[in-house]
Amino acid sequence: MSPQSRTIRLFHNPTGAELNVEVKSDGLIIGRSSKVADLTCTWDNKMSRRHGKVWLEGGDVWYEDLGSSNGSWVNKGRVTEKVKVEGDMLILIGETSLTLVSNNDEQTVTDGEPTQDGMTVQAGHRVSRADFASALSEASQRAELLDTLTQFVNQLLGAANFTEIAPCLRSLYRHLPTAKHIYLIRPPSADDSIIHLIEPELLARDSGDEVGTVSRSLARMAIERGEALLFSQADNQTQEIQESTRLRGIHSAAYVPLLSKAGDPLGVLCVDSPLSHLPLHEENLTLLKSAGALLSARIDGESLRQEAQQKEVLAREADARKEALASFLKIASHDLKNPLTVAKMCGVLISRMTDSGTVADLCERLLDAERRAEQLISTYLEVSELQSTASLTVKKKAVSVHDLIEREFQFLEKAMQRKNKAIDFRNQVAESVIVSADPQKLQQIINNLIGNAIKYGREENPRVEVKCDSHEEHFIISVTDNGVGISEEDQTRLFAQFQRVGDTQHLPGTGLGLWLSNLLVQAHGGEMWVESEPGWGSTFFFSLPR
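In structure tokens:
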């Protein structure tokens, strides 16, 4: 009577791993992919995903190559048709040898038990193995683990971000033949939501694999206990955990909490297996605990680095705020200097005058200077609250642009004396031009633009020209000087806060004037821009809606 089964031996030549497998009439497919192979040899990189088939027929063992890329070989000849395995015949499948085994050499183990050499049977066949100690000693297993962790560390150190850690984690599949999914998640939040530190698709065993789900209950328990946990549906688990794993199709899983040096949770490394007859085992957990500890150190170091960067940014922001306050006080004192200078000059002249008409005129100038100072203070207070109020308040009235420009030039001409050099001032705005604007804010815009034109104007024969063009929906007012001009690079930052261009060492200023003027124009619903060329002067424009 023909035997109902025969035993073959698979020997992986590079590692010495050895596995005895019972073969029946329904046969086994041998390969590297758990999707298409019954007997998975994950460590043999030369083996195809679906390499060959072995089966029992008429009491004899037969083997057939299934079109593998590297082929199957017998006596240096490639297997091109089915062959009967007999006697001392050796069939080379990738780097693994297949031979017949005498029943006297077998050592029976439990059906479906996973081996420690990367070979697993997925068809529920009876598996046996020879004396494993002689082929793969405990010392060699530890050496393999150490080599794996060394490579893991090197990959971790070379990763610049979490995405680059993905290949590092995927490399664990080589040593976890029964694992189906690997996940790296944040600690479950108060609402039990799961946030992945690395997208699950990047951690899939094979591209196109269906992405599973993580058990919140298991992740939460691992974090709460602060230790790596190995779960199986066969274990005596709580009803909540049994329900969570059943719903997610998890038959076996390892959840490793990632903790900082201070003991704070950083995340959870999750690995699961959907195969009830191939659960994860303690050796797998040892590898995952070591990998988890290395991941924790990497993530904790990254968190500390980001925290240090954040503190540095906050320190720079604090310094910037201090500088901004100092600059704001500087521009306030600088701009207030002009009306106060006029007031001082008028006070001195009044003390020397006897003519009542002249005294009255000087008193009017004195009061005007005081009003300007008060207006500046009000504007500065309003701007200082701009961050919280979101917009400046504009109280529009009918304003004569021609008259406003005349007054501002006369005021600035006296306040900004240029060594007795006359300024060729040209007010080209028609007296009939009336705009709807906030008088005080429009005055400050004009004051700043004419003041800059005088300040940065040409030393010899300085000229300032103001125009106003009327359009259907708005007015465009322009102030032109014949000064040094502004480069294209400087024009890009001209209206930014605390930005100064040109001769900043010899000309006073704070870099807030144009920024403030631009804000005031925008508050009216207009915009400001500049046209300039170095050596040919500048023209500043701003628009006001009708």
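Its first residue numbered 133, the sequence shown is counted upward by one per residue in the working numbering.
Glycine included, C-beta positions come from ideal geometry on N, C-alpha and C.
These numbers come from a predicted model, not from an experiment.
Stretch pair the region 575-582 + the region 662-669: three plus CB contacts closer than 8 Å: no
Contact between the region 339-357 and the region 439-448 (3+ Cβ pairs under 8 Å): no
Cutoff 6 Å; reference threonine 612; Cβ partners in own chain excluding five residues on either side: Glu597 and Thr671
Span of the alpha helix (DSSP H) around isoleucine 326: From DSSP, isoleucine 326 is part of no alpha helix (DSSP H); its letter is neither H nor E.
Among Cys300, Gly226 and Ile330, nearest to lysine 182 - alpha-carbon criterion: It should be pointed out that residue 182 corresponds to arginine in this sequence rather than to lysine. Of Cys300, Gly226 and Ile330, the residue nearest in Cα terms is Gly226.
Inter-residue Cα distance where the pair is isoleucine 555 and glutamate 449: 42 Å
Cutoff 6 Å; reference glutamine 287; Cβ partners in own chain excluding five residues on either side: Cys300
Within 7 Å, strictly: CB atoms of valine 531 and alanine 562: no
C-alpha gap between arginine 590 and glutamate 604, whole angstroms: 35 Å
Inside the region 183-207 only - beta strand (DSSP E) runs reaching at least 3 residues: 184-189, 192-197 and 204-206
Alpha helix (DSSP H) segment containing serine 649, residue limits: 645-655
Cβ separation of aspartate 197 and valine 211, assumed to be a contact under 8 Å, to the nearest whole Å: 5 Å
Selected residue, minimal CA-CA separation from valine 526, among Arg558, Gly658, Val403 and Cys402: Gly658
Same chain only: Cβ atoms within 6 Å of serine 229, ignoring 5 sequence neighbours per side: Phe143 and Leu222
Spatial distance of alanine 298 from leucine 361 (CA atoms): 22 Å
Lysine 156 vs serine 137 beta-carbon contact at 7 Å: yes
Whole-angstrom distance between alanine 291 and tryptophan 668, CA atom to CA atom: 54 Å
Endpoints, beta strand (DSSP E) assigned at lysine 216: 215-217
Minimum C-alpha distance to glycine 184 - residue among Asn177, Ile537, Ser649 and Leu171: Leu171
Enclosing beta strand (DSSP E) for arginine 352 [first to last residue]: Where arginine 352 is concerned, there is no enclosing beta strand (DSSP E), although the alpha helix (DSSP H) it sits in stretches over 348-357.
Among Ala655, Thr139, Ser325 and Pro319, nearest to glutamate 218 - alpha-carbon criterion: Thr139
Cβ-based burial, cysteine 173 [other Cβ within 10 Å; buried from 16]: buried
Straight-line gap, serine 303 to glycine 399 (C-alpha atoms, nearest Å): 19 Å
Proline 666 - DSSP class collapsed to helix/strand/coil: coil
Under the three-state DSSP convention, the category valine 211 falls into: coil
Inter-residue Cα distance where the pair is proline 146 and histidine 307: 15 Å
Beta-carbon gap between isoleucine 314 and isoleucine 326 smaller than 7 Å: no
Assigned exposure category for arginine 678 - 16 Cβ within 10 Å defines buried: exposed
Rounded C-alpha distance that separates leucine 676 from threonine 624: 22 Å
Whole-number beta carbon distance between phenylalanine 627 and leucine 426, since they are thought to touch under 8 Å: Leucine 426 to phenylalanine 627, Cβ: 51 Å. No contact.
Coil, strand or helix - asparagine 559 by DSSP: strand
Rounded C-alpha distance that separates isoleucine 161 from leucine 335: 26 Å
Contacts around aspartate 192, its chain only, beta-carbon distance under 6 Å, and the 5 residues preceding and following it disregarded: Lys216
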